[in-house]
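Line by line, the protein sequences give chains S and H.
Position 174 of the first sequence, counting from 1, maps to 174 under the working numbering, and the rest follow consecutively.
Position 540 of the second sequence, counting from 1, maps to 540 under the working numbering, and the rest follow consecutively.
See below for the structure under consideration.
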Amino acid sequence: MIKNIMLAGVGGQGLVLATKIIAEVAFRAGYDVKTNDVIGLSQRGGRVWGSVRFGEKIHSPNIPPKEGDILLGLEPLESYRWSYLMKDGGYIILNNKEDYPTPVLLEQEKYPVEEIEALKDNYNVITINAVEEAKKAGNIKAANTIMLGVMAKYLDIDSKIWEEVLRENVPKKAIDANISAFYRGYNNQP
Amino acid sequence: MKRVLTGNQAIAQGFYEAGGLVAASYPGSPTVEIMETLKGYKGIYAEFSTNEKVALEVAIGGSLYGARSMASMKHVGVNIAADPLLTFTQTQINGGFVLVTGDDPGMASSQNEQDNRIIGKFANMGIFYPGSSQEAKDYMKIALDLSERFHTPMMLNITSRVCHSRGLVEIEERVEHKPGGFKRDQEKYCMLPPYTFKAQYFMKERIKKLEEYAYHAPFNILEEVEGSDTLIVTSGLMYYNLKELNLPISIYKLGMVYPISTKRMKELAEKYEKIVVIEEMMPFIENEIKLMGIDCTGKEYFSFTGEIHTEDIEEALYKMGIIENRRYSAVEAVETVSRPPMFCAGCPHRPVFDILKKLNVTVIGDIGCYSMAVLPAFKAAHVSLSMGATLGVTKGMNKAMRLNEDKKPIVSVIGDGTFFHSGLPGFVNLLHQLDEEDNMTFIVLDNRTTAMTGGQHNASSGRFNREDDMDIDIKEVLKTFGIENVKEVDQFKYRETREAIRAATKEKGISVIITTRPCSLKYKIKEPHYYVDPNVCIGCRTCVKLNCPPIRMAKYDGIEDLKSFIDPDKCVGCSVCAQTCPVGAIKRSE
Numbered sequence: 001m002i003k004n005i006m007l008a009g010v011g012g013q014g015l016v017l018a019t020k021i022i023a024e025v026a027f028r029a030g031y032d033v034k035t036n037d038v039i040g041l042s043q044r045g046g047r048v049w050g051s052v053r054f055g056e057k058i059h060s061p062n063i064p065p066k067e068g069d070i071l072l073g074l075e076p077l078e079s080y081r082w083s084y085l086m087k088d089g090g091y092i093i094l095n096n097k098e099d100y101p102t103p104v105l106l107e108q109e110k111y112p113v114e115e116i117e118a119l120k121d122n123y124n125v126i127t128i129n130a131v132e133e134a135k136k137a138g139n140i141k142a143a144n145t146i147m148l149g150v151m152a153k154y155l156d157i158d159s160k161i162w163e164e165v166l167r168e169n170v171p172k173k174a175i176d177a178n179i180s181a182f183y184r185g186y187n188n189q190p
Numbered sequence: 001m002k003r004v005l006t007g008n009q010a011i012a013q014g015f016y017e018a019g020g021l022v023a024a025s026y027p028g029s030p031t032v033e034i035m036e037t038l039k040g041y042k043g044i045y046a047e048f049s050t051n052e053k054v055a056l057e058v059a060i061g062g063s064l065y066g067a068r069s070m071a072s073m074k075h076v077g078v079n080i081a082a083d084p085l086l087t088f089t090q091t092q093i094n095g096g097f098v099l100v101t102g103d104d105p106g107m108a109s110s111q112n113e114q115d116n117r118i119i120g121k122f123a124n125m126g127i128f129y130p131g132s133s134q135e136a137k138d139y140m141k142i143a144l145d146l147s148e149r150f151h152t153p154m155m156l157n158i159t160s161r162v163c164h165s166r167g168l169v170e171i172e173e174r175v176e177h178k179p180g181g182f183k184r185d186q187e188k189y190c191m192l193p194p195y196t197f198k199a200q201y202f203m204k205e206r207i208k209k210l211e212e213y214a215y216h217a218p219f220n221i222l223e224e225v226e227g228s229d230t231l232i233v234t235s236g237l238m239y240y241n242l243k244e245l246n247l248p249i250s251i252y253k254l255g256m257v258y259p260i261s262t263k264r265m266k267e268l269a270e271k272y273e274k275i276v277v278i279e280e281m282m283p284f285i286e287n288e289i290k291l292m293g294i295d296c297t298g299k300e301y302f303s304f305t306g307e308i309h310t311e312d313i314e315e316a317l318y319k320m321g322i323i324e325n326r327r328y329s330a331v332e333a334v335e336t337v338s339r340p341p342m343f344c345a346g347c348p349h350r351p352v353f354d355i356l357k358k359l360n361v362t363v364i365g366d367i368g369c370y371s372m373a374v375l376p377a378f379k380a381a382h383v384s385l386s387m388g389a390t391l392g393v394t395k396g397m398n399k400a401m402r403l404n405e406d407k408k409p410i411v412s413v414i415g416d417g418t419f420f421h422s423g424l425p426g427f428v429n430l431l432h433q434l435d436e437e438d439n440m441t442f443i444v445l446d447n448r449t450t451a452m453t454g455g456q457h458n459a460s461s462g463r464f465n466r467e468d469d470m471d472i473d474i475k476e477v478l479k480t481f482g483i484e485n486v487k488e489v490d491q492f493k494y495r496e497t498r499e500a501i502r503a504a505t506k507e508k509g510i511s512v513i514i515t516t517r518p519c520s521l522k523y524k525i526k527e528p529h530y531y532v533d534p535n536v537c538i539g540c541r542t543c544v545k546l547n548c549p550p551i552r553m554a555k556y557d558g559i560e561d562l563k564s565f566i567d568p569d570k571c572v573g574c575s576v577c578a579q580t581c582p583v584g585a586i587k588r589s590e
């Protein structure tokens with residue numbers, strides 16, 4: 001069995017680190033793993049995406065069309081943009097904090113609220129106010145960790161492995177907030 | 001022991017394990033991370049040089065001394081380094097030498113899509129083409145070995161996808177490789193006639209020997225399937241994308257894509273009815289096979305541009321009649337609002353391009369974050385080509401304008417990284433045949449870092465970071481050249497900057513304006529945020545047009561019309577919007 005996880009977000013949100021953490025967790029759980037991420041304009045508000053594939057043997061890091069199991073959507077529009085790669089009935093874990101792109105800021109186009117809402121028709125959408133949850137966990141920057149916690153429930157990998165990898169990959173000062181954020185997502189499923 | 005590494009990290013690890021000693025680079029996506037990783041290893045000298053040519057020369061120096069050496073750069077960087085490369089390759093390599101080049105099929109972050117396998121062949125080098133992190137490490141080590149064994153520089157050509165992809169990599173111990181020292185031998189190292197005459201024969205013989213070696217080389221792998229009458233020849237990531245399909249078809253996977261063993265290919269051509277080549281970008285392997293007089297199919301079915309995915313391979317094989325069923329049906333990508341990159345909150349480039357846009361002058365751009373001035377929000381740069389090109393292009397266009405009696409001003413912009421990379425000769429050249437009727441304005445956007453690639457140091461970043469040792473004053477450099485009219489402005493003083501630029505465009509001769517604000521991202525600048533008083537705001541959208549991430553029109557309770565709003569979490573307090581607001585509706589929070 002291969003698990004295909006897609007990540008979608010906006011440059012500067014920490015998507016590359018989230019991709020790295022998921023890959024490291026899968027590796028320590030004994031799987032072969034490959035990832036993708038797009039770097040280049042990643043800190044300048046452009047669209048960014050990543051993918052993690054793990055299983056017994058992984059050839060290509062690319063998720064083939066309609067084979068995505070889980071979409072970790074750090075931003076609604078970006079989740080919608082990449083939803084076409086998902087299996088029907090796949091899980092979309094959606095951070096509902098909207099980040100407006102230039103055409104919306106300049107009032108040239110509308111943010112696609114209805115289309116995002118309609119994702120529920122084809123997929124299992126789990127909506128989270130990750131920023132609010134992260135504030136409650138003690139660090140606004142731990143929003144992605146809340147999301148990872150929610151996702152971890154769907155992956156059948158020991159939460160201790162997640163904890164271990166988080167400890168090694170977040171800034172020292174923020175370890176406690178991140179562990180707390182992870183379990184906040186993991187234990188309080190929306 | 002295994003670890004999860006990116007292709008870039010794996011290349012660095014391979015160089016380390018192979019006893020590499022001297023490594024140099026110029027930052028360019030997708031290869032930046034290689035040198036950043038190498039800087040963390042003990043026992044290796046690693047640097048970001050001023051440009052790719054200098055980086056290559058630093059590595060050449062190491063190799064001449066017998067030290068295992070490498071240079072890494074993005075694909076277009078090799079164009080800058082091509083001069084030393086195409087002569088150095090004539091010498092008999094001493095310490096193992098590998099040039100790592102990052103190609104960018106699909107141009108995720110590049111100005112063109114050139115296929116550097118062509119340059120590798122042109123330079124008479126062997127070319128390795130990894131498709132995974134493990135291969136990236138393995139091929140780096142093999143390439144260093146072969147470089148010494150065949151006295152040839154080697155190319156490690158990796159695509160952006162593989163640079164940034166992660167996979168499991170077996171970690172091994174470093175094996176030290178003590179350099180033998182430089183042994184004076186003019187025939188080998190002084191590339192002047194008549195030594196160059198001999199060198200041509202040496203290179204021809206060298207590639208021939210490498211080709212013979214390729215016949216049985218362990219990194220060119222033949223996977224034969226009983227009953228398959230088709231052979232697919234492929235390399236790199238295309239092999240892994242193909243493997244996803246799990247087809248009963250024989251595969252010849254080339255770890256080294258140049259030179260290809262003619263003997264091997266002729267044997268395979270005898271055995272198989274049909275040969276299909278799968279490769280991204282140019283038909284390189286396909287042409288090599290065709291030059292051997294062997295028929296094969298490739299680009300007829302595969303795109304010459306962009307990336308090739310598993311589903312594209314399946315579709316092509318289906319169209320060729322090689323497979324009868326398809327697993328993947330075409331899916332339409334979601335068409336929705338685009339998200340172009342933008343200048344960061346507090347970016348010092350924003351006021352400069354807002355001013356240029358409003359002055360409506362022709363702007364010759366260059367390469368860096370400020371290339372984003374081309375994007376629709378500003379459209380304030382009208383030419384963008386290659387590193388440092390703005391200087392020569394501006395001068396040439398200005399001369400043509402003079403001959404045509406066109407008196408309009410022309411403005412050129414260049415960043416500090418690009419200034420040191422390749423701007424210096426262009427600035428010197430401005431002084432040649434200077435006509436007093438010329439009217440050229442040059443804006444040097446000195447943000448004290450090479451920002452676009454993630455904030456690497458350059459020759460002017462020492463002012464803010466002591467570890468970035470160099471702090472060369474651009475103003476003094478230009479004055480030393482003999483360029484007199486050089487002004488420094490703080491571009492967060494909007495009106496002053498606008499007046500300085502406006503005055504420069506009206507003034508004849510060469511005017512240089514150096515903007516002094518550092519990169520807000522690199523230097524983590526965060527001042528108290530600004531906010532909009534909706535009762536004062538007239539909804540004119542002057543601030544929105546600055547295209548700053550926190551600023552948009554929003555609905556306020558009890559106010560009918562939309563008014564400007566600043567997201568306090570994103571604002572870093574640069575004050576530019578407040579200065580451009582015609583009614584003073586934007587205020588500092590504390």
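For each residue, glycine too, the CB sits at the ideal point set by N, CA and C.
Note that this is a predicted model, so its numbers are computed, not measured.
Counting only beta-carbon separations shorter than 8 Å, does P64 of chain S have a partner in chain H?
It does; some Cβ of chain H falls within 8 Å.
Out of H:F15, H:A345, H:G28, which one is the CA nearest neighbour of G40 of chain H?
Among H:F15, H:A345, H:G28, the Cα nearest to that of G40 of chain H belongs to H:F15.
What residues in the stretch 144-176 of chain H bring their beta carbon closer than 9 Å to a beta carbon of chain S?
Those residues of the stretch 144-176 of chain H that come within reach of chain S (Cβ to Cβ, closer than 9 Å) are S160, R161, V162, C163, H164, S165, R166, G167, L168.
Considering only the alpha carbon of each residue, which of S:D158, S:K110, S:T19, S:I126 lies closest to R53 of chain S?
Ranking S:D158, S:K110, S:T19, S:I126 by Cα distance to R53 of chain S puts S:T19 first.
Any contact between the stretch 541-557 of chain H and the stretch 499-510 of chain H? By contact I mean 3 or more CB pairs, one from each, below 8 Å.
No, because fewer than three Cβ pairs between the stretch 541-557 of chain H and the stretch 499-510 of chain H fall closer than 8 Å, the two stretches do not touch.
DSSP on A611 of chain H, reduced to helix/strand/coil?
Only positions 1 to 590 of chain H appear in this structure, which leaves residue 611 of chain H out of reach.
I need the boundaries of the alpha helix (DSSP H) containing D176 of chain S, first residue and last residue.
From DSSP, the alpha helix (DSSP H) with D176 of chain S extends over 175-187.
Using 10 angstroms around the beta-carbon of V583 of chain H, count the other beta-carbons present and answer buried if the total reaches 16, otherwise exposed.
V583 of chain H should be labelled exposed.
Let me check one thing: in DSSP terms, what residues is D37 of chain S bridge-paired to?
In the DSSP output, where bridge partners are listed per residue, D37 of chain S has S:G50.
I want to see whether chain S comes within less than 8 Å of M70 of chain H, judged by CB atoms only; does it?
Not one chain S Cβ lies under 8 Å of M70 of chain H.
Please state if the CB of A152 of chain S and the CB of N213 of chain S are separated by a distance shorter than 8 Å.
Since the displayed chain S opens at 1 and closes at 190, residue 213 of chain S lies outside it and no answer follows.
Quick one: is K479 of chain H near chain S, going by C-beta distance under 8 Å?
For K479 of chain H, no CB of chain S lies under 8 Å from its own CB, so it is not counted at the interface with that chain.
Could you spell out the range, first to last residue, of the alpha helix (DSSP H) harbouring R81 of chain S?
Start and end: 76-82.
I164 of chain S - DSSP class collapsed to helix/strand/coil:
Before going on, a small fix: residue 164 of chain S reads as Glu here, not Ile. It is helical.
Closest Cα partner of T102 of chain S within the set H:S564, H:D561, H:I551
Minimum Cα distance to T102 of chain S is reached at H:I551.
The stretch 145-163 of chain S touching the stretch 124-132 of chain S, judged by at least three CB pairs closer than 8 Å
Enough Cβ pairs lie closer than 8 Å, so yes.
Check whether the Cβ atoms of G62 of chain H and L21 of chain H sit closer than 8 Å, and answer yes or no.
Result yes, Cβ atoms of G62 of chain H and L21 of chain H sit closer than 8 Å.
Please classify T596 of chain H as buried or exposed, where buried requires at least 16 other C-beta atoms within 10 Å of its C-beta.
Lying before the first or after the last residue shown, residue 596 of chain H is absent from chain H, which here runs from 1 to 590.
Residue(s) in a DSSP beta bridge with E223 of chain H:
E223 of chain H is bridged to H:I251.
Burial state of R166 of chain H, where buried means 16 or more other Cβ atoms lie within 10 Å:
Its Cβ being crowded by 16 or more others within 10 Å, R166 of chain H is buried.
Excluding five sequence neighbours on each side, which residues of the same chain lie with their C-beta closer than 8 Å to the C-beta of V131 of chain S?
Only N95, K97, I140, A143 meet the Cβ criterion.
Between the beta-carbon of G149 of chain S and the beta-carbon of E78 of chain S, is there less than 8 Å?
The answer is no: Cβ separation not under 8 Å.
Could you compute how far the alpha carbon of L105 of chain S sits from the alpha carbon of P376 of chain H?
Straight-line Cα distance between these residues: approximately 12 Å.
Length-filtered (4 minimum) alpha helix (DSSP H) runs lying within the stretch 289-334 of chain H
DSSP runs (the alpha helix (DSSP H)) wholly in the stretch 289-334 of chain H: 310-319.
Among all the DSSP beta bridges, which residues are the ones paired with L445 of chain H?
According to DSSP, residue pairing for L445 of chain H in a beta bridge involves H:G415, H:T515.
Cutoff 8 Å: D37 of chain S Cβ touching any chain H Cβ
So yes, D37 of chain S belongs to the interface.
Taking 8 Å as the threshold (C-beta atoms), are I285 of chain H and P257 of chain H in contact?
It should be noted that the sequence gives Val, not Pro, for residue 257 of chain H. It is a contact, given that the beta carbons lie within the stated cut-off.
Is I410 of chain H near M440 of chain H, with beta carbons less than 8 Å apart?
Contact: yes.
R502 of chain H - partner residues in DSSP beta bridges
According to the DSSP secondary-structure assignment, R502 of chain H is paired through a beta bridge with no residue.
Just grab the DSSP bridge partners of E47 of chain H for me.
According to DSSP, which records beta bridges pairwise, E47 of chain H is partnered with H:A24.
For V337 of chain H, which three-state DSSP category applies?
Reduced to three states, the DSSP call for V337 of chain H is coil.
Quick check on the DSSP output: the beta strand (DSSP E) that includes L5 of chain H runs from which residue to which?
It spans 2-6 - the beta strand (DSSP E) in which L5 of chain H sits, taken as one unbroken run.
Please report whether the beta-carbon of P518 of chain H lies at a distance below 8 Å from any beta-carbon of chain S.
Answer no: the Cβ-Cβ gap between P518 of chain H and chain S never drops below 8 Å.
Which whole-angstrom value describes the C-beta separation of I275 of chain H and I294 of chain H, a residue pair presumed to lie in contact below a C-beta threshold of 8 Å?
A Cβ-Cβ distance of about 7 Å is found for the pair I275 of chain H and I294 of chain H, placing them in contact under the 8 Å criterion.
So which residues of chain S does H309 of chain H contact, with C-beta pairs closer than 7 Å?
Residues of chain S passing the Cβ test: N62.
At 4 residues or longer, and completely inside the stretch 129-154 of chain S: list those alpha helix (DSSP H) runs for me, N to C.
List check, alpha helix (DSSP H) in window: 130-137, 143-152.
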